[in-house]
Amino acid sequence: MKLKILLSLFALCFLGQNAAAQITGKITDVGNGLALEYATAALYKKKDFSLVTGVITELNGSFVIPNVKAGAYFLEASFLGYTTKRVDVIVSKKGASIDLGTIQLSLGNQLNEVVVQAERVAVVHKIDRQVFDTKKYQSSEGGSAVDVVKNLPSVTVDGQGEISVRGSQGFSVLVNGKPTQGDASAILAQLPANALESVELITAPSAKYDPEGKGGILNIITKKGATNGTYTQVNVRGGFPSIEEYDTKEAAQRYGIDATLNKRTDKWNFSLGASYQRNDKTGRREGDMFIVNQAENKTTFLPSDGERSFDEISYNGRFNVDYTPNKRDSYSVGFFAGKHTKDRLADIVYYDNHAVSPSNSDNRLYTFTYYNHNLRIRKGDFALGSFDYEHKFDDDSNLSASFLYEYTFLGGPTVNDNLGNPDNTIIYQQEYNTNDNPLYGTRVNLDYKFKPFSFGILELGYQFRNLDHTGEFVYQRDGVLVPEFSSDVSLDRTIHSGYTQLTGAKNKWDYAAGVRLESMDREYTESLKSEASPNTYTYDFVKLFPSASLQYKLSDKTKLKTAYSKRVERTTTLKMNSFAEREHSEVFEQGDNKLEPEFIDLVEVGITQKLKGGNSFFATAYYRHVENVINRVNVLAYQENGAVIDTIINRVFSNVGKSNSYGLEVGATIKPTKNWSNFIGANVYSYDIKGALNFNHRDGIARTYGINSKATIYSINLNSTYNFWQNASAQFSFNYLSERNTAMGEDSRFYSPNLTFRKSFLDNKLTATLQWQNIDMGLLNTNEQRITTSRPDQFYTTTNYKYEVDMVSLNLSYTFNANKNKSKFIDSEFGKREF
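Each residue of the sequence shown is one higher than the one before, counting from 2 in the numbering used here.
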């Protein structure tokens, strides 16, 4: 209060009595009273309806329009999806301060919303994020959030199903603004696309967010509404039989059902949801591998071919209840429980396995063909609960607190049988490994937001997180325990962090700046079954994570922005397990018990431009620097005596150096006609990685492998929609990812075209969507990717993965009433990251 008085005296002394008037107010949602951030307050002259000026609201919905001359005006308050409201304003004298109070906006009626959705732009740009309308991506209906996000300009999905943002697989996922700590792909795969309202891409997050994720943040917004009543929706999906079966033993099955029930009153909001999804994917794997054994002067050649398919089942139930006894207080309790299994079958024939001299002699020392049955079952049972509380004070300040506890049981065996071929009854070797990985996670948040200054809102917060993750790995060969591959591991990680963030707007400027201080303590313990005592490795740090963003409104149609953010990418327990695990017949996989997190610095600058006829354009240039880059690299496998294992490659997770990315991201909305709209996004960047892999085999001999790789990479996402009439449309989408360099090789290009037809019936209550995914018709090599690694005079591997094409499915969605969905659920924070 004293600060406001001093500022007022300052203004009177230096600006004089002839200062222009100031108009203030606040824009909120009429249904729940929540502030509408980034709503528009536009001031017009009453006599000729000409625009005087316009501003956007701050985090608490407030706005300030300074320097208004005396006269008659009207103010229009508007926000995307809401009905615009007009308020008359009379400025009788200069220097007056006019407070319009709270302006409440309501969502448009159901019929109007259908019309608005057809015209809404695919992307909305804000100072710190891009907001994408999920309704623009019809090919995702009936699928998961993965099918939505892969259409975003900076997002790609490769042949292994790995999701990347600007070329980085490290990014964080928020659900309705709440942090999660699970594996991004696993989280998105379990969120039904039908339940999504929008996706926010935050590439340079502010300090109020957890700094984890070198690619930034994907904030998934689920469907919401503001009216009381009951909402019920059921979605059913069924896949047609596979057109191309790839000689698999079992046909792929694709079907699912998800349902949401939401009941809302003035004080209570109940949400109940359940989902069952079966998503199989067939395919084949064709590979060649050369291993050079210089000590014995021979090269081993392992050509292979066979089935590589996935059976994936997930089902879960969720419950959430919100209680708002008054306008100041709100409480929320949520529970979630589910099961998720993913079986990867790789039945591979290794034919003409032989050894020759390194001098390219054709003399075979021996020839051997065998059949490898490899079934890897990955399962996870999740159970978690959360409690949230929020209090609003008279001065519009806000205090919130949240608590989350999670128990996750991870595990699953791998069966690896080497059998005769063509006589599969001959048993050469049978291996079996399994693991039990219970995980316990706790998170506590405390946040306070207030406005001590006229130029911005200040936010303060504290967060506590603890992860307790243990694992028991059992390895058997021919029914006998193998101690050198059987181990116990344990990871305990505690994080304390606090942040301060200032956000504001003045005239044509929007700005935000903040810093987060984080203290992390990590203790990792591991031991082999054959060892008497465990070994413990600790890693601690105290670091600052600053951030800043700035946006300038060059005109009503053009905005410039720039941002900086410092991030961290923590590692999972799996990547720290330094004991080898048999993944395939020819692969050992292991981690690094001293693995350090990646630290990232990101700078970006961009422009957004609105064009005529609903067209728009944006471009963002960025630079990202990463320290302690973590890569999975291949090295030769050795026996305890130091001799090379001729038929096995070791895959290792390790810190390998530094990387730099220089990129340009562009996107455009193009509407040639009223019924035809297109959105195209592209990302091109130069990526280099330099350093070394320092790997200590268990023979005690340290080996160093130099890393030096550089390439230009690009991706294109196209989405074209034609509306035949109001309730029928067709959409073509195309996702392309170019060749990419890795620490020791290259991943080939990967692309997927899709076609969708959608029609609504029964007053838009029933929607049918027919999808044709991964269009190939035997001509295009769609959904196919080759991965190659090499090391001179040591090894060369190349594997081509062919996954199912020409997949056709039908999705039906029925809404039993017209009330809006206000359901919201919690999601796994810790366990899915390890899945």
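Where is the CB? At the ideal position from N, CA and C, for every residue including glycine.
In the DSSP assignment, Thr231 forms a beta bridge with Lys264. The Cβ atoms of Glu605 and Thr204 lie closer than 8 Å to each other. Burial check for Ala296: the Cβ neighbour count within 10 Å stays below 16, so the residue is exposed. Proximity to Phe680 across Gly664, Ile717 and Thr705 peaks at Ile717, based on C-alpha coordinates.
By DSSP's assignment, Lys282 forms a beta bridge with Phe311. Linking Glu201 to Thr722 through their CA atoms gives a straight-line distance of about 21 Å. In this structure Arg466 is buried. Its beta-carbon is surrounded by 16 or more other beta-carbon atoms within 10 angstroms. Contact check between the stretch 422-431 and the stretch 53-73: fewer than three CB pairs, one atom from each, fall below 8 Å, which does not count as touching. Per DSSP, the beta bridge partners of Ala356 are Thr301. Pairing Arg379 with Gly664, the inter-Cα distance amounts to about 36 Å. In the same chain as Tyr372, and ignoring 5 residues on each side of it, the C-beta atoms closer than 6 Å to its own belong to Val350, Leu420, Asn422 and Asn425, in chain order.
Short of 7 Å from the beta carbon of Pro598, and not among the five residues preceding or following it, lie these beta carbons of its own chain, in chain order: Val569, Glu570, Arg571, Thr572 and Asn629.
Contact between Ser734 and Asn724 fails: their C-beta atoms lie close to 16 Å from each other, not under 8 Å. No residue range can be given for Ile427, since it is assigned to no beta strand (DSSP E) and is classified by DSSP as neither H nor E. In terms of CA proximity to Asp289, Thr789 leads the group Asp794, Leu813, Glu805 and Thr789. Rounded to whole angstroms, Arg444 and Phe369 show a C-alpha spacing of 54 Å. Every beta strand (DSSP E) of 3 residues or more that sits fully in the stretch 716-780 is shown, in chain order, as 729-738, 741-743, 746-748, 751-762 and 767-774.
With respect to the C-alpha of Thr233, the residue from Gln254, Glu313 and Thr261 having the closest C-alpha is Thr261.
In the DSSP annotation of this structure, the continuous segment of the beta strand (DSSP E) that includes Met521 starts and ends at Trp510 to Leu529.
If you draw a straight line from the Cα of Thr800 to the Cα of Arg787, it comes to about 5 Å. When the five nearest sequence neighbours on each side are left out, the beta carbons in the same chain lying within less than 6 Å of the beta carbon of Ile244 are those of Asp807, in order along the chain.
Here the C-alpha atom of Phe618 lies approximately 4 Å from the C-alpha atom of Ala669. With respect to the 8 Å criterion, Gln105 and Val31 are classified as neighbours on the basis of their beta carbons.
For Glu597, the three-state secondary structure derived from DSSP is coil. Per DSSP, the beta-bridge partners of Ser660 are Val627 and Ile690. Annotated as distal: Val88 and Phe80, with beta-carbon spacing of 8 Å or more.
In the DSSP assignment, Gln23 falls within the beta strand (DSSP E) that extends over Ala22 to Asp30. The stretch 452-465 makes no contact with the stretch 434-442; the number of CB pairs closer than 8 Å stays below 3.
Using a Cβ distance threshold of 8 Å, Val53 and Ile24 do not count as a contacting pair. Under a 10 Å Cβ-count criterion, Pro206 is classified as buried, with 16 or more other Cβ atoms of the shown protein chains found around its own Cβ.
Ranked by Cα distance from Glu287, the options Ser305, Met577, Ile164 and Trp773 are led by Ser305. Here Gln640 is exposed: its Cβ has fewer than 16 other Cβ atoms, across all protein chains shown, within 10 Å. By the neighbour-count criterion, in which a residue is buried when 16 or more other Cβ atoms sit within 10 angstroms of its Cβ, Tyr476 is buried. Between Val147 and Val132 a beta carbon distance of about 19 Å is seen, past the 8 Å cut, so the two are scored as non-contacting. Shown here, Asp389 sits in a strand according to DSSP, grouped into three states.
Per the C-alpha coordinates, the member of Leu612, Lys613 and Thr574 positioned closest to Asn594 is Thr574.
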